[in-house]
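One structure is given below, encoded as structure tokens.
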Amino acid sequence: MCELYSKQDTLALRGKHIGPSCKVFFAADPIKIVRAQRQYMFDEKGQQYLDCINNVAHVGHCHPEVVRAALTQMEMLNTNSRFLHDNIVEYAKRLSATLPEKLSVCYFTNSGSEANDLALRLARQFRGHQDVITLDHAYHGHLSSLIEISPYKFRKGKDVKKEFVHVAPTPDTYRGKYREDHADPASAYADEVRKIIEAAHNRGRKIAAFIAESMQSCGGQIIPPAGYFQKVAEYVHRAGGVFIADEVQVGFGRVGKYFWSFQVHGEDFVPDIVTMGKPMGNGHPMACVVTTKEIAEAFSNSGMEYFNTYGGNPVSCAVGLAVLDIIEHEDLQSNASRVGNYLMELLHKQKAKHTLIGDIRGIGLFIGIDLVKDHEERTPATAEAQHIIYKMKGKRVLLSADGPHRNVLKIKPPMCFTKDDAKFMVDQLDETLTVLEEAMGAQTERMISENSPCKTKMPEEAHVELLSGSTTDSTENPSRKRNGPCPNKHALFSKRLKT
Ligand SMILES: Cc1ncc(COP(=O)(O)O)c(C=O)c1O
């Protein structure tokens, strides 16, 4: 039996018993999902949806080997990590083997938030420093300690930025402060971090950590320019701080060629702490912090014991081992490269065809489509993005829109995504964009012929489906105005990382 209640009753019960701040996808018309397999999800009527956004179901929804591993271990034993057990050490050994040698000490947790919170504790304990540098628009988790360092959240709520938090500009070469037309955006963005450190020192503050996702996801699928992390790490280390790479969204082979996204930046860059979660347990709550022996010893020397009731339990580790095996046996990293490259090719063709597409960026199966109202100013097409994800849902394709302006279509599907899935998704997107652009064009033409000011309006049907609060706050990204439009569209990828 897949359902206890009718969809309407589920919705009503949710409204009554689940906190109102827990939002659903497609709030205006939510979907009830009752089962899933591989990259497909099924609603209560048996309708199939192509899942283009679920990076948690990394090796595919309900992978039978993951299910079997959990079941077998659950029938045997599940307990905490105070007892000796082989699963935790085997998993730690296998995980360490995927990382550079110095990252060899693991702490297991149940969520990415717990992992990042612990990473902050490790960093602060290391040299007794307190301050954290974070990137603008970053999200690192839902705990109080992480909302404090997540501008994505604290800028939206009533929270104020704490004095120990320093926000550096996102190294976004499409709509950030320094763009692809800049001679050396990596150095320019890193220099911003250096200046933040100097200003903090002048106020007597000390830097404990710089934290960043290896590729920023909620922040709008941003891929930092080559060389940025190396330079930042140098400045942060000089200040006595550590570099925390948040791989909660982007780890475990999503970029294809490498197992960890930070590795895209070159062998000469190794973070001091790496946090991971979502894909690690394929939906089973499992997360981890990996660090160096030196940092782990400093944490231990504080005298405080670290205990986590569920972190690293035998069932979680059995699940984690199954996930590692599947990534290897099904060659999912090669699949991510192959399908990701194909998808990028298809999307670039769409970019040439559709004026709404301003930028396509991505590596492996981590791709963003930045929608714009105009190519000169790169004005985010926020309402259009919301319209598109609803239309795509109607075509049974699940996409989401994120970033500070909620105009970036995010693609981060299960790693078993195929070329056929990619083609299907892009065909549906093509149709949706064609209809929308025609409607927008017709509207613009009508307004011009009526001698009104030339301002493109949304077609009527798009308005119907817009989510509340989707208007663009132009104050959110003043750098766009400061830097002006990019004169050379074709140079777009020239300073991005090559994979
Ligand atoms: C980059 C990043 N870090 C940390 C977290 C927090 O992970 P969790 O929701 O498992 O606590 C998230 C969740 O979306 C995330 O995107």
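Note that full-length UniProt numbering has the sequence shown beginning at 1, numbered continuously upward. Virtual Cβ for every residue (Gly too), placed ideally from N, Cα, C. Note that this is a predicted model, so its numbers are computed, not measured.
Starting from residue i and walking both ways along the alpha helix (DSSP H), at which residues does that stretch end?
i	result
residue 148	Looking at the DSSP string, residue 148 is not in any alpha helix (DSSP H), and its letter there is neither H nor E.
residue 126	112-127
residue 9	7-17
residue 79	Segment: none, residue 79 is in no alpha helix (DSSP H) and carries neither H nor E.
residue 231	228-238
residue 49	That residue, residue 49, is in no alpha helix (DSSP H); its beta strand (DSSP E) goes 48-51.
residue 387	382-394
residue 501	Residue 501 lies beyond the range of the chain shown here (1 to 499); nothing can be said about it.
residue 201	185-202
Please state if the CB of residue j and the CB of residue i are separated by a distance shorter than 7 Å.
i	j	result
residue 289	residue 115	yes
residue 271	residue 39	no
residue 129	residue 207	yes
residue 279	residue 55	yes
residue 333	residue 256	yes
residue 275	residue 119	yes
residue 205	residue 159	no
residue 92	residue 62	no
residue 269	residue 229	yes
residue 420	residue 50	no
residue 59	residue 326	yes
residue 218	residue 152	yes
Taking the straight line between their C-alpha atoms, what separation do you get for residue i and residue j?
i	j	result
residue 441	residue 417	34 Å
residue 470	residue 367	For residue 470, the predicted model reports a pLDDT of 35, less than 50, meaning its position is unreliable and no value from the coordinates is stated.
residue 18	residue 27	14 Å
residue 379	residue 373	5 Å
residue 95	residue 45	40 Å
residue 64	residue 439	45 Å
residue 100	residue 260	10 Å
residue 9	residue 34	15 Å
residue 11	residue 24	10 Å
residue 209	residue 287	20 Å
residue 468	residue 406	With a pLDDT of only 34 at residue 468, under 50, the local geometry of the prediction cannot be trusted, and no value is derived from it.
residue 110	residue 281	10 Å
residue 351	residue 382	17 Å
residue 370	residue 408	4 Å
residue 15	residue 29	14 Å
residue 231	residue 185	12 Å
residue 237	residue 431	50 Å
residue 89	residue 108	11 Å
residue 490	residue 358	Residue placement at residue 490 is flagged as unreliable, the pLDDT there being 33, under the threshold of 50; the coordinate-derived value follows with that caveat. So the two alpha carbons sit approximately 12 Å from each other.
residue 455	residue 22	For residue 455, the predicted structure reports a pLDDT of 39, less than 50, and the residue's modelled location is therefore unreliable. The matter cannot be settled from this model.
residue 339	residue 365	7 Å
residue 171	residue 2	45 Å
residue 162	residue 182	32 Å
residue 20	residue 249	25 Å
residue 291	residue 434	49 Å
residue 13	residue 42	21 Å
Note down, in chain order, each residue of its chain lying with its Cβ closer than 7 Å to the Cβ of residue i, except the 5 sequence neighbours on either side.
i	result
residue 169	136, 176, 177, 189, 192, 479
residue 126	242, 295, 298
residue 315	70, 73, 74, 78
residue 4	none
residue 293	104, 105
residue 211	132, 134, 140, 149, 244, 246
residue 463	With a pLDDT of only 37 at residue 463, under the threshold of 50, the placement of this residue in the model should not be trusted; the figure read from the coordinates follows. Excluding residues within five positions, none has a Cβ falling inside 7 Å.
residue 302	125
residue 428	392, 395, 397
Check for me: the beta strand (DSSP E) holding residue i runs from which residue to which?
i	result
residue 317	Not the beta strand (DSSP E): residue 317 falls in the alpha helix (DSSP H), residues 314-329.
residue 358	357-363
residue 346	Unbroken run through residue 346 is the alpha helix (DSSP H), 332-353; no beta strand (DSSP E).
residue 107	105-109
residue 131	131-135
Identify the residues that DSSP records as bridge partners of residue i: which are they?
i	result
residue 99	Looking at the DSSP assignment, residue 99 forms no beta bridge with any residue, so it has no partner.
residue 43	33
residue 244	211, 273
residue 401	409
residue 370	359, 408
residue 222	216
residue 165	132
residue 288	108, 276
residue 38	61
residue 282	284
Can you list, in chain order, the residues of its chain with a C-beta nearer than 6 Å to that of residue i? Leave out the 5 residues immediately preceding and following it.
i	result
residue 403	220
residue 474	A caution first: residue 474 carries a pLDDT of 31, below 50, which makes its placement in the model too unreliable to give a value.
residue 346	426
residue 251	260, 276
For residue i, is the beta carbon positioned less than 6 Å from some heavy atom of ligand 3?
i	result
residue 281	In the structure on display, ligand 3 does not appear, and the ligands it does have are ligand 1.
Sorted by chain position, which residues of the same chain lie with C-beta nearer than 8 Å to residue i's C-beta, five sequence neighbours on each side aside?
i	result
residue 7	32, 44
residue 348	360
Please report whether the beta-carbon of residue i lies at a distance below 7 Å from any beta-carbon of chain D.
i	result
residue 328	This model lacks chain D altogether, as it is built from one protein chain only.
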